[in-house]
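A.B. asks: The sequence shown begins at 1089 in the working numbering and counts up by one.
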Amino acid sequence: MIVGVGDVSPEGLKAFAFGGSLFLAVANEVSSTTTLYALAPVPEPESWAMMLAGLGLLGQVARRRR
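#1: Closer than 6 angstroms by C-beta to residue 1104: which residues in its own chain qualify, once you throw out the five before and the five after it? Chain order, please.
#2: When DSSP builds the beta bridges, which residues end up paired with residue 1103?
#3: Kindly indicate the opening and closing residues of the beta strand (DSSP E) around residue 1126.
#4: Give me the Cα-Cα distance between residue 1136 and residue 1114, rounded to the nearest whole angstrom.
#5: Work out the CA separation of residue 1149 and residue 1108 for me, nearest whole Å.
Have a look at this one:
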């Protein structure tokens, strides 16, 4: 991250798991506050599409080798 004079940047980023859930904590150096975000471990649709395309290609290769 590049910061200059007058830029407001996060002081720290911390990721942790608690009770089976994932969280991201962002500490702000100006206001001395910490914001907590709950993260959902759900794949993006593009990830699903790439996985299905890869499996399809593997199926085609296996079928041609027979």
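Each residue gets a CB set at the ideal place from its N, CA and C atoms; glycine is no exception.
Note that the structure is a prediction, hence the values are computed from the model and not measured.
C.D. replies: The answer reads as follows:
#1: To locate residue 1104, count along the sequence shown from 1; it is residue 16. For residue 1104, where only same-chain residues beyond five positions count, the Cβ hits under 6 angstroms are 1111.
#2: Taking the first residue of the sequence shown as 1, we reach residue 1103 at position 15. Beta-bridge pairing links residue 1103 to 1112.
#3: Indexing the sequence shown from 1 puts residue 1126 at position 38. Counting along the chain, the beta strand (DSSP E) containing residue 1126 begins and ends at 1121-1127.
#4: Translated into the one-based positions of the sequence shown, residue 1136 becomes position 48. Translated into the one-based positions of the sequence shown, residue 1114 becomes position 26. C-alpha separation (whole angstroms): 29 angstroms.
#5: Counting from 1 along the sequence shown, the entry for residue 1108 is found at position 20. Counting from 1 along the sequence shown, the entry for residue 1149 is found at position 61. Cα-Cα distance, rounded: 39 angstroms.
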